[in-house]
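Heads up, the thing below is written out as structure tokens.
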Amino acid sequence: MAERGLTGLDDLLASCGALVEGGLFVSVDLRLPPAYDEDAAEIATQRCLELIESLHERGIARQAEVAVTPAALGQAVPDIGAKVGLENAGRIATAARVVGSQLLLDLDDHRNVEAGLETLRELRKEFPEVAVGVAANLRRTEDDCRALAFEGSRVRLSKGLRRTPAALGYADRHEADKSYVRCLKVLLAGQGAPVVSTQDPRLVRIAGALATRFDRQQGTFEYQLRHGVRRDEQRRLAAAGDRVRVRLSWGQERPDTLLGRLAARAPDLASFVRSKLGRG
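Spelled out as structure tokens, the structure:
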């Protein structure tokens, strides 16, 4: 059964550590709601910084990425969302870079895509290593993949959310799967670093066959599978020499608990980033 999100940071870190010890990489998806004001965006940003620092303290930051939606970082704030979201994403990208981790902007929600891609374009001017997550069930994603499949561009392809309007996405599962394969072909034929994020064994097999067709060497793309799902397949792919990353979700905490913990740690988080940049 798939995990539903690890609510405690200690539990999350323990799971990440065990996976890394087993030769796998990890991706932590932060389940954070859209921020409609700067205070909420700051809380989300501090939470990302806390996670990056904690991964660094555990010695596993280089094997980890942190995924968050631009909306959670302030992109949805009225009037100034583009500025707030970009600034906060830049702070997280900075912290990730100095410890060898990586930020991924997750755009699998159709409401985030256009503004999220603009944030990505601006962010990559300074942080070209920032990855992006796109959803194959959106009709636009095949074209987005063509635009993103350039050298150095890391693109995670997932199936996407089910609650997508029919005019914007594929409601039929078979059509969504066909879109996934078309997007995979674009990414694997391109010069970027595709990330095949699916638990579907048939799509995993298709991805492997396409990688062979397009002369993809192991390590130039990776598989991502959900934590708690198909563990044997994770180990099989890794044993075969493929790069395998496990997706975990850090679930919501009670607002009073989260606010109190982040408020107490905010000065330490700021000091952590400054020290790594040589500014402390």
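Be aware that the sequence shown starts at 2, since it is given in my numbering, and climbs by one per residue. Every residue, glycine too, gets a C-beta built ideally from N, C-alpha and C.
query: DSSP three-state assignment for residue 223, whether helix, strand or coil; result: strand
query: Endpoints, the beta strand (DSSP E) within which residue 134 is located; result: 132-136
query: Residue 78 (DSSP reduced to helix, strand or coil); result: coil
query: Proximity below 8 Å, CB of residue 158 to CB of residue 102; result: no
query: For residue 15, three-class secondary structure by DSSP; result: helix
query: For residue 114, the first and last residue of its enclosing alpha helix (DSSP H); result: 114-124
query: Top-ranked residue by Cα proximity to residue 25, from 48, 227, 207; result: 227
query: Pairwise C-alpha distance: residue 65 and residue 211; result: 26 Å
query: Under the three-state DSSP convention, the category residue 188 falls into; result: helix
query: Inter-stretch contact at 8 Å, needing at least 3 Cβ pairs: the stretch 107-118 / the stretch 173-181; result: no
query: Beta-carbon gap between residue 75 and residue 85 smaller than 8 Å; result: yes
query: C-alpha gap between residue 240 and residue 81, whole angstroms; result: 48 Å
query: Nearest residue (CA-CA) to residue 170, options 242, 185, 136, 73; result: 136
query: Collapsed DSSP secondary structure at residue 24 in the structure displayed; result: coil
query: N-terminal and C-terminal residue of the beta strand (DSSP E) that residue 157 is part of; result: 155-159
query: For residue 219, the nearest candidate out of 244, 120, 134 (CA to CA); result: 244
query: Buried or exposed (CB count within 10 angstroms, at least 16 for buried), residue 107; result: buried
query: Beta-carbon spacing of residue 78, residue 33 below 8 Å; result: no
query: Start and end residues, alpha helix (DSSP H) containing residue 210; result: 202-214
query: Alpha carbon of residue 87 to alpha carbon of residue 56, nearest angstrom; result: 23 Å
query: Reduced DSSP category for residue 1 - H, G, I as helix; E, B as strand; rest coil; result: Given that the chain is displayed from residue 2 to residue 281, the structure contains no residue 1 and the question cannot be resolved.
query: Per-residue burial, residue 160 [other beta carbons within 10 Å of its own, 16 or more giving buried]; result: buried
query: Own chain, CB closer than 7 Å to residue 35, minus 5 neighbours either side, in chain order; result: 72, 73, 77
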